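So, in structure tokens, the structure goes:
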């Protein structure tokens, strides 16, 4: 019975059916199933399959993003129900946002979703965020990585300011910093004192794995 | 290609749907002062949601004051020969990277690149309108002003640039008016147009709006330039994407005409569709030319000049891909009678400018322009008499008629028509020829200089912002 439900849960992620996922997650809890098993044997199996289909070219980004969103809908039901010391296994924790003055959201959100689909816990703080807001989120989440995006030549300077601010508050050794956005280059990221730069969403995922030294 | 009735149908439908969206949902003006201004001008404003709607009355008034005779002039007050006759081609811009002319290696662009790339565009016969094409990354926060100053100094052709910083608009207009000899002189023959980009759908940043209002106040022609991404910031169908493009542009056509009646506006789009395998924005895709041909259709529908992104490529070197993409993204814009085609020198999805590509683009444009003339209809009496007299087996090579007409055919400057053995003997690749030609232009081409007094005045204006600024002699 539970195996059948896990399979169905995985399938909702593959098919991109958020309502079904949420309903199944609730049903699982009502039946007294272990929420952590629902995550590991249901949702994670589904998102891995989505990842495989993306890698071999059967799925494109919309299916991948929708799959990650479906997973999140079910996680919102299952995670609060985790028992005692149970914890969802995550590859790492990432705080991500666009820097102060920059409202270009799509690229940042794409990276956030891809990270989620790859097993990271992502705290997406949104757009136009000051260094203080980034720092507060890093502290609250005890993040391993912070990702900062800027699309304009005028706002990319805020990325530098962010890196400086993180150093000033003494968090520089605790968190890896990755930068992204159309005008950003490897040399700019290096000069700004960041740990890495990614040109697109897929290389951002590789970079995140490299930065925390986790196997992909 | 689009049939003419089909084209009218698209334009009418897109306009109607934009009007519907602007009437029911509106657009976002994310700043209290701007909202208050639009409110007192008669727009229905939701201050809390920062949304502004457009009524049919406002639309009618705006479309009545929208100038239909917007023209760009060169520094000498002449309208470029091709403007509104043929599509004008314009430099691309303005990424932070350039492929180095000598090494071919990608590196950050500098003020020297701006000067050289502007001078090259000044020299190229097929380039009608000039952009800095790159950002001078060595000039910090004032790169935009330095780029404008160098544009004004290094070419006599009409120029287009922007700033993202409202305070810089005043310095820019001061330079423009100084060069023109006053506000009225500039307004009567503008040699500079700017551009402002929305974040689709339905949003301009407060800074961008402030810039637009300042430019409009000074009477500088503004291009409302959409950068929609089909499948990301707009629907995935081209028609749906065009509705987003048009809604964003129409919103500010109306807002600017109501606030500053008679402001000269251009209809722009450098949109594309997202590559769903990577999340990147390919600009060499056929869809690039297709969607921006929509901007030409809509510009013609409203009767204002269009500026359309095309002649684009994702290639990283001057190769077969570059040739294919440059042409396929330009053709739909020619087909739909774009006023300005925006893309000379661009490569690597618009994120790097290439000197050699810029030189080769001149060759591509010349070829496309020739092709576009098609078979012309004229009285063929002379030809018919000639055919009769030379039938059968006559030779047309020495006929006077041939001598008079063969020069209409296109003769390339770069492309090889040599035999294999001659080509082998010359041993120079297209890339090498283009590099050599770029170096020759940089070494030999002297753009017509500014009067010394004007040059000094521009330097003084620039020094208010950059105390060390001076033009290189």
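Protein chains in written order, with the numbering used here: chain A, 3 to 218; chain B, 4 to 476.
Just so you know, even glycine gets a beta-carbon here, dropped at the ideal spot from N, CA and C.
All figures in this text were calculated on a predicted structure; none of them were measured in a lab.
Reference residue i, options the options, closest by Cα
i                      : options                    : result
residue 14 of chain A  : A/124, A/74, A/186         : A/74
residue 388 of chain B : B/379, B/378, B/380, B/399 : B/399
residue 108 of chain A : A/155, A/82, A/182         : A/182
residue 263 of chain B : B/224, B/289, B/447        : B/224
residue 402 of chain B : B/413, B/390, B/395, B/411 : B/390
residue 101 of chain B : B/341, B/126, B/135        : B/135
residue 128 of chain B : B/243, B/109, B/94, B/407  : B/94
residue 78 of chain A  : A/159, A/191, A/40, A/110  : A/40
residue 221 of chain B : B/202, B/142, B/174        : B/174
residue 353 of chain B : B/79, B/14, B/230          : B/230
residue 258 of chain B : B/462, B/138, B/205, B/120 : B/205
residue 244 of chain B : B/203, B/279, B/268        : B/203
residue 160 of chain B : B/122, B/144, B/45, B/103  : B/122
residue 9 of chain A   : A/44, A/103, A/21          : A/44
Residues sharing a beta bridge with residue i, DSSP
i                      : result
residue 229 of chain B : B/272
residue 402 of chain B : Residue 402 of chain B is not bridged to any residue.
residue 311 of chain B : B/272, B/344
residue 199 of chain B : B/227
residue 304 of chain B : In DSSP, residue 304 of chain B forms no bridge with anything.
residue 110 of chain B : B/101
residue 49 of chain B  : B/54
residue 30 of chain B  : B/55
residue 126 of chain A : A/98
residue 350 of chain B : B/355
residue 132 of chain B : B/93
residue 206 of chain B : B/31, B/202
Spatial distance of residue i from residue j (CA atoms)
i                      : j                      : result
residue 227 of chain B : residue 272 of chain B : 8 angstroms
residue 405 of chain B : residue 81 of chain B  : 35 angstroms
residue 191 of chain B : residue 409 of chain B : 41 angstroms
residue 50 of chain A  : residue 90 of chain A  : 15 angstroms
residue 16 of chain B  : residue 253 of chain B : 14 angstroms
residue 363 of chain B : residue 356 of chain B : 13 angstroms
residue 368 of chain B : residue 433 of chain B : 16 angstroms
residue 99 of chain A  : residue 375 of chain B : 48 angstroms
residue 266 of chain B : residue 217 of chain B : 11 angstroms
residue 440 of chain B : residue 415 of chain B : 14 angstroms
residue 96 of chain B  : residue 147 of chain B : 12 angstroms
residue 250 of chain B : residue 342 of chain B : 20 angstroms
residue 95 of chain A  : residue 122 of chain A : 6 angstroms
residue 69 of chain B  : residue 260 of chain B : 6 angstroms
residue 38 of chain A  : residue 296 of chain B : 53 angstroms
residue 139 of chain B : residue 111 of chain B : 8 angstroms
residue 182 of chain B : residue 157 of chain A : 31 angstroms
residue 36 of chain B  : residue 50 of chain B  : 10 angstroms
Unbroken beta strand (DSSP E) run spanning residue i, endpoints
i                      : result
residue 280 of chain B : Taken as a continuous stretch (DSSP letters only), residue 280 of chain B belongs to no beta strand (DSSP E), as it is neither H nor E.
residue 159 of chain B : Looking at the DSSP string, residue 159 of chain B is not in any beta strand (DSSP E), and its letter there is neither H nor E.
residue 92 of chain B  : 91–94
residue 147 of chain A : 147–151
residue 357 of chain B : 355–357
residue 181 of chain A : 178–182
8 angstroms Cβ cut-off: residues of chain C touching residue i
i                      : result
residue 146 of chain B : No chain C is part of this structure, whose protein chains are labelled A and B.
Heavy atom of the ligand NAP within 7 angstroms of residue i beta-carbon
i                      : result
residue 291 of chain B : Judged by which ligands are present, the structure shown has none, so any question about the ligand NAP falls away.
Range covered by the alpha helix (DSSP H) that runs through residue i
i                      : result
residue 205 of chain A : 203–213
residue 50 of chain A  : 46–57
residue 211 of chain B : 209–220
residue 462 of chain B : 455–466
residue 391 of chain B : 384–393
residue 339 of chain B : Here residue 339 of chain B belongs to no alpha helix (DSSP H), and DSSP marks it neither H nor E.
residue 116 of chain A : 108–119
residue 73 of chain A  : 63–80
residue 158 of chain A : Residue 158 of chain A -> no alpha helix (DSSP H), and no H or E assigned at all.
Residues within the stretch 269–287 of chain B neighbouring chain A, beta-carbon criterion of under 7 angstroms: 279, 280, 281, 282, 283
Residues of the stretch 185–197 of chain A in Cβ contact with chain B at a cutoff of 9 angstroms, in chain order, please. 185, 186, 187, 189, 190
For the stretch 331–356 of chain B, which residues have a beta carbon sitting closer than 8 angstroms to at least one beta carbon of chain A? 354
Taking any Cβ of chain B, which residues in the stretch 39–73 of chain A have a Cβ under 8 angstroms from it, in chain order? Going along the stretch 39–73 of chain A in chain order, one finds 59, 62, 63, 64 with a Cβ nearer than 8 angstroms to chain B.
Contact list for the stretch 306–322 of chain B against chain A, Cβ threshold 9 angstroms: From the stretch 306–322 of chain B, no residue has a Cβ closer than 9 angstroms to chain A.
At a Cβ cut of 9 angstroms, what residues of the stretch 224–248 of chain B count as close to chain A, listed as they run along the chain? Residues are counted here when their Cβ sits less than 9 angstroms from a Cβ of chain A; for the stretch 224–248 of chain B these are 232, 234, 235, 236, 239, given in chain order.
Short of 8 angstroms Cβ to Cβ, which residues in the stretch 89–108 of chain B face chain A? 98, 99, 100
Chain-ordered residues of the stretch 158–170 of chain B with a beta carbon less than 7 angstroms from chain A: 167, 168
Quick one, which residues of the stretch 111–128 of chain B are near chain A if we go by CB-CB under 9 angstroms, in chain order? 111
Give, in chain order, every residue of the stretch 199–223 of chain B whose Cβ lies closer than 7 angstroms to some Cβ of chain A. 202, 208
Please list the residues of the stretch 115–136 of chain A that have a C-beta atom closer than 7 angstroms to any C-beta atom in chain B, keeping them in chain order. none
Under 8 angstroms (Cβ pairs) to chain A, residues found in the stretch 384–418 of chain B: Closer than 8 angstroms at the C-beta level to chain A, one finds no residue of the stretch 384–418 of chain B.
Within 9 angstroms of chain B by C-beta, residues of the stretch 203–218 of chain A in sequence order: 203, 204
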